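Structure first, commentary second.
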DNA sequence: CATCATACCTGTTCGC
DNA sequence: TGCGAACAGGTATGAT
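Residue numbers (our numbering): 48 to 328.
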């Protein structure tokens, strides 16, 4: 579920809390999660945070960068000075911070602490030279991003070139960067297109409607601070609220918001797929 | 090259 | 109520 809107939310909050601060020490609890030599970046200062699709890049003052993917259950949590709203930690932070699922702890110069928690340990943190970030395999293979290089024309090109199922194509990071299961389901509902349609079968109007729907649902996701359906939390330790505003994701057995027909759940490409059998065609 | 199934993990939900 | 099975989904990998 962490997709473009969730990762963007993490980026925006961490920019407020860690940029311009120096890493005093790093406590690595899990070498599968933290891959690399922390000595290379100890003493360096965070200068900028970037996002490529669902990947975060923390640039540092000494020519190195931290690249990190939170996958399904990774959580960056900040505790310390300047914390707005001093939110109580969401119970989705299983074990708390630091706790059973805390794998890395960054201690900063102003007394702030950045924790990385990850229940399933699918996520990872790697160190590369900043100049090599663009050549990092995942980033190199990433397709164009909504709100970036993904123009309508480019989108049409991408989806008309394959006859795979449209929903699977939307989630293929090498085709388009940043869309995952929640927003793929919602964008297809918004544009009234069945998730099982063949990618190259969409007509001009459908291509345009889907393109616009993708931008719309991602924008809505960002507005609500992401979706905390499963385990996503913001660096402030609170939950996003898009899960309360999904259009069709997770809505099986309830009425379609548009036509009242009962929403159906199936599986496509191994993932939960939700759609209205009447108004999506 | 393109496509597809499976592995990676464990907390939570589901079904009996 | 209890307990095992199924489920959740992003991506690397190997198979086809």
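Heads up, the beta-carbon is just placed ideally off N, CA and C, and yes, glycines get one too.
Please read these numbers as outputs of a predicted model, since none were measured by experiment.
{"Check": "How would you call residue 303, buried or exposed, if buried means at least 16 neighbouring beta carbons within 10 angstroms?", "Outcome": "buried"}
{"Check": "Does residue 51 pass the burial test, meaning 16 or more other C-beta atoms within 10 Å, or should it be called exposed?", "Outcome": "buried"}
{"Check": "Kindly indicate which three-state DSSP category residue 112 falls into: helix, strand or coil?", "Outcome": "strand"}
{"Check": "Given that a residue counts as buried once 16 or more other Cβ atoms are within 10 Å of its Cβ, and exposed if not, what is residue 264?", "Outcome": "buried"}
{"Check": "Quick check on DSSP: helix, strand or coil for residue 188?", "Outcome": "helix"}
{"Check": "Given residue 56, which residues of its chain have a CB within under 8 Å of its CB, disregarding the five upstream and five downstream residues?", "Outcome": "269, 272, 273, 281, 287"}
{"Check": "CB-CB under 7 Å to residue 210, same chain, minus the five flanking residues each way: which ones, in chain order?", "Outcome": "245, 246, 247"}
{"Check": "Out of curiosity, what's the CA-to-CA distance linking residue 233 and residue 249?", "Outcome": "17 Å"}
{"Check": "On a CA-only basis, which of 121, 223, 323 is nearest residue 310? Give me that one, please.", "Outcome": "323"}
{"Check": "Put residue 38 into one of helix, strand or coil per three-state DSSP.", "Outcome": "For the chain, the structure presents residues 48 to 328; residue 38 sits outside this window and is missing."}
{"Check": "Counting only the same chain and skipping the five closest in sequence on each side, list residues whose C-beta sits under 7 Å from that of residue 131.", "Outcome": "283"}
{"Check": "How close, in whole Å, do the beta carbons of residue 201 and residue 191 come, if the pair is a contact with beta carbons under 8 Å?", "Outcome": "6 Å"}
{"Check": "Restricting to runs no shorter than 4 residues, where is the alpha helix (DSSP H) found entirely within the segment 192-249?", "Outcome": "199-207, 213-218, 228-237"}
{"Check": "Suppose the cutoff is 6 Å on Cβ atoms and the five residues either side in sequence are ignored; what does the same chain contact list for residue 186 look like?", "Outcome": "99"}
{"Check": "Rounded to the nearest angstrom, what separates residue 305 and residue 327 at their Cα positions?", "Outcome": "10 Å"}
{"Check": "Could you tell me the boundaries of the beta strand (DSSP E) in which residue 75 lies?", "Outcome": "70-75"}
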